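Student:
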Amino acid sequence: MELKKQPKLASDFWPSFIKNARLDLILGQILVFTIIILILIITNIATIDSINLWLILTTAFIANIAILLMFTNKITKPTKKLLAAIIQINGETPILPVSSPNSEDDDKTGFQDALQTIYKLSSNQNPDKKATSKNITSNNLISQALDSTVCGFVAMDDKRQIIYANKSAPISINTDNKEYLSLIFNENDGIDEWLDKCSNNSVHNEKIWTRVPDKLPNNEGRRFFDCIANYQRGAIPEVVLSLIDRTSTYSIDEENLDFMSFAAHELRGPITVIRGYLDVLNDELVDVLKDDQSELFSRLIVSANRLSGYINNILNTSKYDRRHLKIQLREDNVARVYDTISDDMRLRAKAQRRLLTVSIPENLPTIAVDSTSMGEVFSNLIDNAVKYSNEGGAINITARANDSFVEVEFKDHGIGMSENIISNLFQKFYRSHRSRETVAGTGIGLYICKAIVESHGGTISIQSEEGKGSTFTVSIPIYATIAEKLKASNNSNVGIISEGRGWIKNHSMYRG
Amino acid sequence: MANKTILCIEDDRFIGEMYVRSLKKAGYEVDWMVDGNDGLVAARNKQYDFILLDIMLPERKGTEILASLRGGKQNLIPKSRVIVLTNFEQDEDSRAVMEHNADAYLIKAEITPKKLISVIQQLGG
C-alpha cells in the first residue's frame, strides 16, 4: 500500500535553505576567483606558476568566504528567529534556539514587535493549540484527526478554562475574550454544578448528559449532543468532555415533543370544561344527591383532577426535555406546598379508599421551592402510593429537617418492588413488567418528579421491599442555604403572586 | 352599591357559558363576547370593572386586544382589571409584556369558576 506523503513542516525548511545558501556562496566565490585568475593570466599581469599569485588569491578567497559566511549569519538572523517562533507555535520539534520575544537586543532593533506580533496572531487564531509537548508532530496529527470528526472534544484545566477544543466543539467567546462552552443544560444540573460537587467530593468521576442543545429552539443550526464528562483531580487536563452530535436523532424527537405539547394543550380545553362544570354542579347538587350518588360524583372530580395532573406531567416532560422547564424558587414551607394539593389528595384517598395521614411539623425551616411544581411532585408520589397499594392501605406523609435539607417522606404499605426495578425506576417511559400487566400508567411520573426535584437542587430516593411497600423521600434545600442567590435573581418579581402556572398582580402591595 | 361589571371575551361556548353562569350567580353583571373584534368594541364602549380575556380568539387575538386597550400612550380602560385566561403557558418574553398590561394571567385548566371568583375578589371585586 502506498504511504501518503506527509505535509512539509516549517522545521524542514531551515536546514535545506541554509545548506543551499552556503553552497551557492562558495560556488559563487569560486567562479569570481576563477575569472580573476583568468584575467590576470590573459593580461600577463601574473603567470600561472607565480607562487605569490596563488598565495594572495588563496588568502583572499578564504578571508572572503569567512567574511561572507559571517554576514550571511547576520543577515539571516531575523529570518532564523521568526522561523524558530513559527516552529514553536506550530508545535513541531524545535531545531532552532527560540529567542524570547522580550529580549533587550530585539527591543533596541525594533524586531521585538515583529516577534510579538507573530505570537499574538497565533494566540488569536489558534486558541486550540495552546498545549505544547515534545512529541508535537504526532499531537498535530491527532489534532487534525479530531478536527475532522463531527464529535466535539473539550479539555479544561483546574480553573475550568478551556485549554483545547476541536472544531466541532460548541465553543463561543464571551466579552472578556474567553472561550466558554455554549451548551444549554437544565437548571441546577449543568457542568458547573457537577464540577462543584466533584471538586468537593471526588478524585475521579464521570457523568453523562443526554440531548443537550447548543442553542435555544428556533435558532438556525441548532445541534444536540450527548455529553460525557470525565473528571480527574490534579490531572492535565482535569476535565475532558466528549460531545457526541446526535442532532439527527433528537431533532426528530423534537417534532414529537412539539406534538406532545400541542396535544396536551388541546386536552386542556375539555378538561377546563369538565373540572369547571363539576365544580359548579358540586355546589348546586350538594343537597340533592344521595350518598351513593355523592360518592360517584366525587369519583368524577377525582378522575378529572388526575387527568389534569397527567396532562401537566406530559407538558412538564416535553418542557424539561427541551430545556424549557422553568423553576421559580421562592421561600415557602412544606406545609404550605402540601396545602395547595391537600383538598385534591384527601378527596382522592377517600374515593379510592386509602388511609392518608399527613404529619408535617409547623416549625420546619423554610425551603426554596416552586410550590406549583413541587405540589405536582407530591401529587405524583401520592398517586403512585395509591396505585401500588391495596384498598384500605395506609399512606403516611411525614417531614423532617436533616442538615441543610428538609426531607418529605411518602410511605405506602403496598406491593413494593425488587432491587432491579428500583434501578430503572426514574427512567422515562419505564414501566416494570409487572406493572405493565396490572396498573395503568405512562411511565413519566417519576421521571418528571426526579427532574423537578433535581431542578430545585434536591434529591429523590426510594426504599422498597417486595410485599411490604415503598418509601419515597424527597430532599429539598432549605431556603437559608441559597437565600442570597435567590434574592439577587428574584427582585424583578416583587408584587406578583403565583397562581398555579399563572400569576396575579398584588395590587394591595402597589397601593401600600 | 351597583353590581360589579364583567366583560368575558371567550370563544369556547362551553367555557364561556360556564363562567357567565357562575359569575352571574355570584352577583356580577356579565357581558359575553365570542370574537376578538366584538370584544374590543365592547371594552371601548363601556368601562367594565373586570375583563376576562382569552388569547386564542377568532378575528383578533387577545394579545392584540390588550395592546389596543393598554399598549399605546393612553390607557383606554383605566378603571378595568384585565384577567387573561388561557391554556397556553407564557415564555419569558411574553410574560414581561403581559405583566405590564394585564392584572392576572391564569391557566384555564387550573382555574375552576370558584377559584376565578376568588381571584376577582382578590383584585378588588
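Protein chains in written order, with our numbering: chain A, -11 to 500; chain B, 24 to 148. Ideal Cβ positions, reconstructed from N, Cα and C, are used throughout, including at glycine. All values derive from a computational prediction rather than experimental measurement.
List in chain order: all unbroken alpha helix (DSSP H) runs of 4+ residues lying wholly within the stretch 290 to 363 of chain A.
Tutor: Scanning the stretch 290 to 363 of chain A for uninterrupted alpha helix (DSSP H) segments of 4 residues or longer gives 322 to 339, listed from N- to C-terminal end.
Student: Using a C-beta to C-beta distance shorter than 7 Å, which residues of chain B count as neighbours of Tyr152 (chain A)?
Tutor: Under the 7 Å cutoff, chain B gives no residues; its nearest Cβ is about 35 Å from Tyr152 (chain A).
Student: Which bits of chain B does Lys203 (chain A) rub up against, with CB to CB less than 8 Å?
Tutor: Result: empty, since nearest Cβ-Cβ is about 15 Å, beyond 8 Å.
Student: Report back the beta-carbon spacing between Arg234 (chain A) and Phe213 (chain A) to the nearest angstrom; my notes put them in contact at under 8 Å.
Tutor: 6 Å
Student: Return helix, strand or coil for Ala143 (chain A), following the three-state DSSP convention.
Tutor: strand
Student: May I ask you to list the residues that DSSP assigns as paired with Trp197 (chain A)?
Tutor: Beta-bridge pairing links Trp197 (chain A) to A:Cys215.
Student: For His192 (chain A), which of helix, strand or coil comes out of DSSP?
Tutor: strand
Student: Is the shortest distance between the beta-carbon of Leu303 (chain A) and the beta-carbons of chain B less than 9 Å?
Tutor: yes
Student: Measure the alpha-carbon distance for Asp116 (chain A) versus Asn244 (chain A) and round it to whole angstroms.
Tutor: Note that Asp116 (chain A) has pLDDT 49, beneath the 50 cutoff, so the model's placement of it is unreliable and no number is given.
Student: I'd like to know if Ile299 (chain A) contacts chain B, where contact means its C-beta is closer than 9 Å to some C-beta of that chain.
Tutor: Interface residue, yes.
Student: In this structure, does DSSP put Ser230 (chain A) in helix, strand or coil?
Tutor: Reduced to three states, the DSSP call for Ser230 (chain A) is strand.
Student: Helix, strand or coil, according to DSSP, for Tyr107 (chain A) in the structure here?
Tutor: Tyr107 (chain A) falls in the helix class under three-state DSSP.
Student: Who are the Cβ neighbours of Thr305 (chain A) in its own chain at under 6 Å, not counting the five residues just before and after it?
Tutor: Ile432, Ile436
Student: Residues bridged to Asn73 (chain B) by DSSP?
Tutor: One detail in the question is off: residue 73 (chain B) reads as Phe in this sequence, not Asn. Looking at the DSSP assignment, Phe73 (chain B) forms a beta bridge with B:Ile29, B:Arg104.
Student: What in chain B is Cβ-close to Asp267 (chain A), meaning under 7 Å?
Tutor: Chain B residues near Asp267 (chain A): Thr135, Pro136, Lys137.
Student: Would you identify the three-state DSSP class for Pro465 (chain A), choosing helix, strand or coil?
Tutor: strand
Student: Taking 7 Å as the limit between beta carbons, can you name the residues of its chain near Met41 (chain B), skipping five residues before and five after?
Tutor: By the criterion of a C-beta distance shorter than 7 Å, Met41 (chain B) is surrounded in its chain by Pro136, once the five residues flanking it on both sides are discounted.
Student: Can you name the residues of chain A whose CB is closer than 9 Å to the CB of Arg44 (chain B)?
Tutor: Taking a Cβ-Cβ cut-off of 9 Å, the neighbours of Arg44 (chain B) in chain A comprise Val268, given in sequence order.
Student: How would you list, in chain order, the residues of chain B whose beta-carbon sits under 7 Å from the beta-carbon of His253 (chain A)?
Tutor: Asn110, Phe111
Student: Note down, in chain order, each residue of its chain lying with its Cβ closer than 8 Å to the Cβ of Leu45 (chain A), except the 5 sequence neighbours on either side.
Tutor: Phe21, Ile24, Ile25
Student: What in chain A is Cβ-close to Ala127 (chain B), meaning under 8 Å?
Tutor: Glu487, Gly490, Trp491, Ile492, Lys493
Student: Would you check whether the ligand NAD has a heavy atom nearer than 8 Å to the C-beta of Gly178 (chain A)?
Tutor: Ligands in the displayed structure: none, and consequently the ligand NAD is not present.
Student: Does any residue of chain B have a CB that is nearer than 9 Å to the CB of Val261 (chain A)?
Tutor: yes
Student: In the DSSP assignment, the beta strand (DSSP E) including Gly62 (chain B) goes from what residue to what residue?
Tutor: Where Gly62 (chain B) is concerned, there is no enclosing beta strand (DSSP E), although the alpha helix (DSSP H) it sits in stretches over 59 to 68.
Student: Can you give the Cα-Cα distance for Tyr71 (chain B) and Val105 (chain B), rounded to whole angstroms?
Tutor: Those two C-alpha atoms are separated by around 10 Å.
Student: Nearest-angstrom Cα distance between Phe5 (chain A) and Asp135 (chain A)?
Tutor: 32 Å
Student: Taking the alpha carbon of Glu272 (chain A) as the point to measure from, which residue in A:Asp280, A:Thr260, A:Phe285 has its own alpha carbon closest?
Tutor: A:Phe285
Student: Going along chain B in order, which residues have a C-beta closer than 7 Å to the C-beta of Gly257 (chain A)?
Tutor: Asp35, Asn110
Student: Between A:Arg342, A:Lys155, A:Ile130, which has its C-alpha nearest Cys139 (chain A)'s C-alpha?
Tutor: Of the candidates A:Arg342, A:Lys155, A:Ile130, A:Lys155 places its Cα closest to the Cα of Cys139 (chain A).
Student: So, Ile464 (chain A) versus Ala356 (chain A), is the Cβ gap smaller than 9 Å?
Tutor: Judged by their CB atoms, Ile464 (chain A) and Ala356 (chain A) are nearer to each other than the 9 Å cut-off.
Student: Pull the bridge partners of Tyr168 (chain A) from the DSSP assignment, please.
Tutor: Looking at the DSSP output, Tyr168 (chain A) bridges to A:Ser160.
Student: With DSSP collapsed to three states, give me the class of Gln451 (chain A).
Tutor: strand
Student: So Ala252 (chain A) and Leu183 (chain A) are supposed to be a Cβ contact under 8 Å. How far apart are they, rounded?
Tutor: Between Ala252 (chain A) and Leu183 (chain A) the beta-carbon gap is near 35 Å, outside 8 Å, which marks them as no contact.
Student: Using the Cα positions of Ala119 (chain A) and Gly445 (chain A), report the straight-line distance between them to the nearest angstrom.
Tutor: Note that Ala119 (chain A) scores 48 on pLDDT, short of 50, meaning its location in the model is unreliable; the coordinates nonetheless yield the value given after this. For Ala119 (chain A) and Gly445 (chain A), the distance between alpha carbons rounds to 36 Å.
Student: Go through its chain and collect everything with a Cβ distance to Ala471 (chain A)'s Cβ below 8 Å, but skip five positions before and after it.
Tutor: Glu319, Ala356
Student: Pull the bridge partners of Ile130 (chain B) from the DSSP assignment, please.
Tutor: B:Thr109
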